[in-house]
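Notes to accompany the following structure.
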Amino acid sequence: MELHRAGGGDRKLALVGLVYGVVSFAVGGLFAAVGAWLVSFIVWVPGVFFFLLGVIVLLGSARPFRIALSEAGLDVRSDGHRFTGPWSQVDGISIEQTAPAGTPPLSRSVLVLWVADGVPMRHRPSFPPGGDGRKGHVIAELDSLRETHNQVAEILRRYAGARFRPVR
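Per my numbering, the very first residue in the sequence shown carries number 173; after that it's consecutive.
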């Protein structure tokens with residue numbers, strides 16, 4: 173069973189930025205052709221900004237993402253995290269609520285992986301320590317997944333079994 177990223181909105185936003193940038197360049201070129209250099213500069217500056225922003229968002233949405241669960245184990249390719257292994261290499265996987273932050277204060281639901289000692293991970297663990305004092309790896313935000321919170325919990329119960337810890 174695979175979890176899927178719901179990133180369609182990012183690509184649409186990137187497309188808008190890219191189109192705005194190209195159109196701004198063309199319109200600025202027309203103004204430059206008639207000698208209105210100041211106007212063309214005023215049109216080009218935000219066009220370059222939005223074009224670059226579109227490129228950045230497009231590259232960000234093209235990042236590899238895969239979270240596949242089966243009876244045999246887990247395969248993760250998400251936000252730089254790389255893990256492929258049997259369930260025996262996983263100490264736990266859970267859905268966690270982060271502490272409210274920002275203005276207004278919002279909390280997030282994240283999927284956190286705790287691997288067994290000695291199992292190599294690409295990034296250092298960043299999630300606050302659990303009851304055993306070890307930090308976990310945040311492998312996905314539930315809001316960025318196509319599956320609902322309940323669907324993710326059911327999938328984890330089915331494949332991770334006792335390693336799945338519900339929201340604490």
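Where is the CB? At the ideal position from N, CA and C, for every residue including glycine.
- Annotation note: the stretch 254 to 336 contains the following uninterrupted alpha helix (DSSP H) runs of length 4 or greater, listed N- to C-terminal: 321 to 332.
- The Cβ atoms of residue 191 and residue 203 lie no closer than 8 Å to each other.
- Nearest in C-alpha terms to residue 272, of all of 193, 263 and 282, is 282.
- Three or more beta-carbon pairs drawn from the stretch 279 to 296 and the stretch 248 to 265 are found closer than 8 Å, and the two stretches are therefore classed as touching.
- Note on geometry: alpha-carbon atoms of residue 322 and residue 329 lie some 10 Å from one another.
- With a contact defined as Cβ atoms closer than 8 Å, residue 189 and residue 237 miss out at about 21 Å.
- Distance from the Cα of residue 268 is smallest, within the candidate group 316, 258 and 279, for 279.
- Assignment of residue 183 by DSSP, reduced to helix, strand and coil, places it in the helix class.
- Rounded to the nearest whole angstrom, the CA to CA distance from residue 309 to residue 178 is 21 Å.
- Residue 206: not part of any alpha helix (DSSP H); DSSP gives it neither H nor E.
- Secondary structure note for residue 240: its beta strand (DSSP E) is the uninterrupted segment 238 to 241.
- In this chain, the beta strand (DSSP E) harbouring residue 247 covers 245 to 250.
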